[in-house]
Amino acid sequence: MAAASFSFYFPTPPFLSPSLLLSLSSASCFSFDPSRSGVTRQATGTKSDKAYKVTESRNSALSDPPRGQDRVSCAEMADSVDTREASAPAEQTPHVAAPAQPHVVPSHYPPQEVEAEPHDPRYDDDTWSEESRASSLSSLRSSIRQYRKENGRRYHALSDGTYILPNDENKRQQTDLTHHLWRLTFDGKLCMCPKVMGAKAVLDIGTGTGIWAIDYGTESLSSQVVGVDLSPIQPGFVPPNCSFEVDDIEKDWTWSTKFDFIHIRHMNSAIADWERLLRQAYDNLEPGGYVEMTDNCFPLQCQDGTMDPKSPVAEWSTLLMEACDRMGRPVTVPALFKNLLLRAGFVDVVEAHRIWPLHDWPKNDHLKEIGRYSQESSLQGCEASALALFTRVLGWTRDETLVFCSGVRKDLHNRNIHAYWDIYCAFGRKPFDEPSSESEPESEQ
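Counting the sequence shown from 1 gives a position; our numbering is that position plus 51.
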């Protein structure tokens with residue numbers, strides 16, 4: 052019997068201003084086959100620092116996970132949100148991978164004398180175990196929902212403090228707006244590498260709201276897409292070939308399935324060791340698979356002298372760079388993407404360079420439109436980018452930061468300041484055989 056096909060309608064997000072709506076379609080629609088299943092992975096680590104599977108599919112119940120693995124569905128995670136303020140990051144337990152197989156004692160070892168606890172009648176039936184499991188799942192949901200609330204913004208709980216951008220509703224709206232900006236920048240494409248369509252198994256690192264992963268899964272129905280992020284802020288209702296996981300990508304990867312496309316976008320300031328990240332990406336790719344990295348690069352640029360180096364918007368860029376450097380998470384890495392890919396062993400490396408004007412000052416119509424969205428994204432993200440860094444790292448107060456950001460927004464409204472971000476996109480392929488010599492990068496103009 053053929054699987055049924057469903058269509059779902061999503062209205063235009065409320066975060067777009069009326070002027071921006073002129074450039075956006077009023078709705079998006081997708082269809083999918085509910086018979087598809089997602090890519091699975093192994094979960095390891097402690098209860099407070101474990102990867103949790105977030106899935107949603109039609110006519111599927113939460114099945115008993117394998118030993119050492121817990122899964123939490125989107126519907127379960129949406130039951131309650133705990134936004135209690137965390138004054139300090141929770142102490143982390145070292146992330147230790149679980150053994151691949153149970154340890155078996157050789158037969159020549161003498162039997163061990165182990166004293167047991169007294170008989171517990173609660174284990175005489177299945178009721179207690181199910182109740183215990185439900186309680187455990189509730190505890191897991193609660194732990195990753197115990198967000199840090201700080202300076203009026205909300206931040207992730209898993210690996211608390213490692214990522215400096217909030218995950219609240221305002222930031223989620225800006226993330227979805229910026230997704231449209233990325234597509235506009237690259238002529239509507241979701242990526243630039245040959246895996247723009249038809250990848251079998253896709254990993255979206257730093258998926259955020261999941262909007263890129265959902266779009267890719269919608270446009271490539273044969274693909275299985277996994278999005279991973281520190282925050283469980285993705286929608287619960289997604290195409291059946293798309294799933295989300297809450298995990299720290301800077302720790303050891305434990306996927307049992309290899310991917311043929313790994314997508315990394317807007318992770319500037321999120322990664323301390325890019326070389327380690329790419330080594331893990333290389334190891335988790337099938338031969339012939341691609342990895343693609345895309346981001347804006349600091350500092351803010353201006354070619355004609357219209358941006359005073361002492362202006363608030365220029366100082367905003369400089370101070371963000373300084374704070375990120377102190378954290379050991381530099382934001383100048385995108386200019387090095389192609390060389391990082393080559394050092395990691397990728398071949399056929401290609402780099403594309405674009406710009407994001409911070410207003411509609413360019414004469415070129417396409418850049419003018421990009422500038423409008425870039426300006427709006429920066430206006431929405433100015434405070435979000437500065438609050439945690441300025442107060443935690445630079446020692447500013449919340450009020451000092453808000454006053455400063457007010458001056459930055461004033462500059463962002465000034466059409467006579469011809470500032471822009473450099474945008475870098477680089478992708479490379481894992482060779483089918485180990486390369487005999489290092490390949491030279493190509494450049495796309």
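All C-beta atoms in this analysis are idealised placements derived from N, C-alpha and C, irrespective of residue type, glycine included.
Of the residues assessed, residue 426 falls on the buried side of the cut-off, its CB having 16 or more other CB atoms within 10 angstroms. Our two residues, residue 331 and residue 447, have alpha carbons roughly 37 angstroms apart in a direct line. By the neighbour-count criterion, in which 16 or more other beta carbons inside 10 Å mark a residue as buried, residue 389 falls on the buried side. Its Cα nearest to that of residue 338, the residue 251 stands out among 219, 238, 354 and 251. Per DSSP, the continuous alpha helix (DSSP H) segment holding residue 372 begins and ends at 363-378. Within the same chain, 363 come within 6 angstroms of residue 458 by CB-CB distance, once the 5 residues on both sides are set aside.
Taking C-beta separations shorter than 8 angstroms and ignoring five residues to either side along the sequence, the partners of residue 232 in its chain run 407, 421, 424, 425 and 428, following chain order. The residue among 345, 277, 310 and 444 with its C-alpha nearest the C-alpha of residue 379 is 444.
Between the segment 464-482 and the segment 342-349, the count of Cβ pairs shorter than 8 angstroms is three or higher; the stretches touch. Annotation: the segment 433-478 contains the following complete segments of the alpha helix (DSSP H) (minimum length 4 residues), in chain order: 449-463.
Contact between the segment 316-328 and the segment 447-456 is not established, with fewer than three Cβ pairs separated by less than 8 angstroms. For residue 352, no alpha helix (DSSP H) segment is defined; the enclosing uninterrupted segment is the beta strand (DSSP E) at 336-353. For the 8 angstroms CB-CB criterion, residue 262 and residue 230 form a contact. In this structure residue 218 does not touch residue 274 by the C-beta definition: roughly 26 angstroms separates them, more than the 8 angstroms allowed. Taking C-beta atoms under 8 angstroms as the contact rule, residue 285 and residue 308 fail to qualify, at a distance of about 20 angstroms. At the C-beta level, residue 396 and residue 333 come within 8 angstroms of one another.
Taking C-beta separations shorter than 7 angstroms and ignoring five residues to either side along the sequence, the partners of residue 215 in its chain run 320, 439 and 440, following chain order. DSSP places residue 233 in the uninterrupted alpha helix (DSSP H) bounded by 220-236. Your pair residue 399 and residue 466 does not check out as a contact, with CB atoms roughly 41 angstroms apart and the cut at 8 angstroms. If the five residues before and after residue 245 are omitted, its C-beta is found closer than 7 angstroms to the C-beta atoms of 341, all from its own chain and listed in chain order. The DSSP-derived three-state label of residue 382 is coil.
By the Cβ-count criterion, residue 417 is exposed, with fewer than 16 other Cβ atoms from all chains shown falling within 10 Å of its own Cβ.
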